[in-house]
Amino acid sequence: MESTPKKAPRSKFPALLVVALALVALVFVIWRVDSAPSTNDAYASADTIDVVPEVSGRIVELAVTDNQAVKQGDLLFRIDPRPYEANLAKAEASLAALDKQIMLTQRSVDAQQFGADSVNATVEKARAAAKQATDTLRRTEPLLKEGFVSAEDVDRARTAQRAAEADLNAVLLQAQSAASAVSGVDALVAQRAAVEADIALTKLHLEMATVRAPFDGRVISLKTSVGQFASAMRPIFTLIDTRHWYVIANFRETDLKNIRSGTPATIRLMSDSGKTFEGKVDSIGYGV
1248 MESTPKKAPR
1258 SKFPALLVVA
1268 LALVALVFVI
1278 WRVDSAPSTN
1288 DAYASADTID
1298 VVPEVSGRIV
1308 ELAVTDNQAV
1318 KQGDLLFRID
1328 PRPYEANLAK
1338 AEASLAALDK
1348 QIMLTQRSVD
1358 AQQFGADSVN
1368 ATVEKARAAA
1378 KQATDTLRRT
1388 EPLLKEGFVS
1398 AEDVDRARTA
1408 QRAAEADLNA
1418 VLLQAQSAAS
1428 AVSGVDALVA
1438 QRAAVEADIA
1448 LTKLHLEMAT
1458 VRAPFDGRVI
1468 SLKTSVGQFA
1478 SAMRPIFTLI
1488 DTRHWYVIAN
1498 FRETDLKNIR
1508 SGTPATIRLM
1518 SDSGKTFEGK
1528 VDSIGYGV
């Protein structure tokens, strides 16, 4: 009777190796997920500003379209500058007129100040003469009753006293006129400073009539056109700051233990998953 040879038992090593490799891979995946968590619950964002004119007026030039990219300094739109140009011309004309008026008034002041010393001396002389005439009249009037002076003497003393008072008043008015002229120049100089401030403000308004991009960005929500009246501090459109982008990602609380500010991050966009962007964690929001 022939005997059938027994088959050699299969080795279990390959199967164990596969299981071991699978376990290693599983452990690696778990470690990787635990140490470098990922999420699809995220979105990219950027800072935006409302582009608002600082002066009011009709839009005469609109240099951008919706969704257009712009560079810092590019013209966005221009408001009709003519009202501000007219205000500037008016203010500059007022300044020129004031300068001429100040010059003429200053000449008068200089002329009056030139004789200021003599005017002051005349005032003192007239004041002394008026005092002397008054004293003479006071001494003379009582002597009339005693018969030591005549009525004509008293009349002459009274007339001299009145004339001296009139002379004193005249020179005092002359001195006051010189002081008023100086005050007039001071008032004109103050008025000139106010006009200069108006000119500076009008120039600023004229400059603000031209609006340019404050940074590289992209125009969105543009809903206006040439001819539209723009009100100061009312938004015209929105400008996205394309210089800096950030991603807001939502993770499970258990994933946060290995995430902190400064942790490197890799970002993939769903619109172009083959391209990656490198960044770092800026901050963690713990609000729920």
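With our numbering, you'll find the sequence shown wraps up at 1535, consecutive numbering, no jumps.
The beta carbon of each residue, even a glycine, is placed where N, CA and C say it ideally should be.
A quick note: this is a predicted structure, and the numbers were derived from the prediction, not measured.
Look at Glu1308 here: in three-state DSSP terms it is strand.
Residue state for Ala1283 is assigned as coil, using DSSP reduced to three classes.
Under the DSSP assignment, Pro1511 falls in the beta strand (DSSP E) whose first and last residues are Pro1511 to Leu1516. With respect to Ala1293, Asp1488 sits close: the two C-beta atoms are nearer than 8 Å.
Counting of Cβ neighbours within 10 angstroms places Pro1300 among the buried residues, the total reaching 16 or more. For Ile1296, the secondary structure class from DSSP, reduced to helix, strand or coil, is strand. Relative to the Cα of Arg1403, the nearest Cα in the group Glu1412, Glu1393 and Thr1387 belongs to Thr1387.
Counting C-beta atoms within 10 angstroms of its own C-beta, Phe1324 has 16 or more neighbours from the protein chains shown and is therefore classed as buried. Per DSSP, Leu1322 is one residue of the beta strand (DSSP E) stretching across Leu1322 to Ile1326. Here Thr1286 is exposed. Its C-beta has fewer than 16 other C-beta atoms within 10 Å. In the same chain as Ala1496, and ignoring 5 residues on each side of it, the C-beta atoms closer than 6 Å to its own belong to Thr1286 and Ala1289, in chain order. Taking Leu1486 as reference, the option from Thr1312, Val1302 and Gly1304 with the minimal CA-CA separation is Thr1312.
Burial state of Gly1474 is exposed, judged by a 10 Å Cβ sphere holding fewer than 16 other Cβ atoms. Contact check for Ile1446 and Leu1342: beta-carbon distance about 7 Å, within the 8 Å limit, so the pair qualifies. Around Ser1468, the same chain offers Phe1484 and Thr1485 as residues with beta carbons nearer than 6 Å, after the five sequence neighbours per side are excluded. In the three-state reduction of the DSSP assignment, Thr1383 falls in the helix class, which pools H, G and I. A direct Cα-to-Cα measurement between Asp1433 and Arg1439 gives close to 10 Å. For Leu1486, the uninterrupted beta strand (DSSP E) segment begins and ends at Phe1484 to Ala1496. Taking one beta carbon from each stretch, the region 1449-1466 and the region 1317-1334 have 3 or more pairs nearer than 8 Å; the two touch.
The beta-carbon distance between Ser1518 and Ser1303, rounded to whole angstroms, is 41 Å. This is too long to meet the 8 Å contact definition.
Contact between Asp1529 and Pro1284 is absent: CB atoms are separated by about 17 Å, not below the 8 Å threshold. For the pair Thr1471 and Lys1347, the Cα-to-Cα distance works out to about 47 Å. Bridge partners of Phe1524 according to DSSP: Ile1514. Sequence-distant partners of Asn1334 (beyond 5 residues in either direction) whose C-beta falls short of 6 Å from its own C-beta, in its chain, are Thr1449. Within a 10 Å sphere around the beta-carbon of Ile1296 sit fewer than 16 other beta-carbons, which makes this residue exposed.
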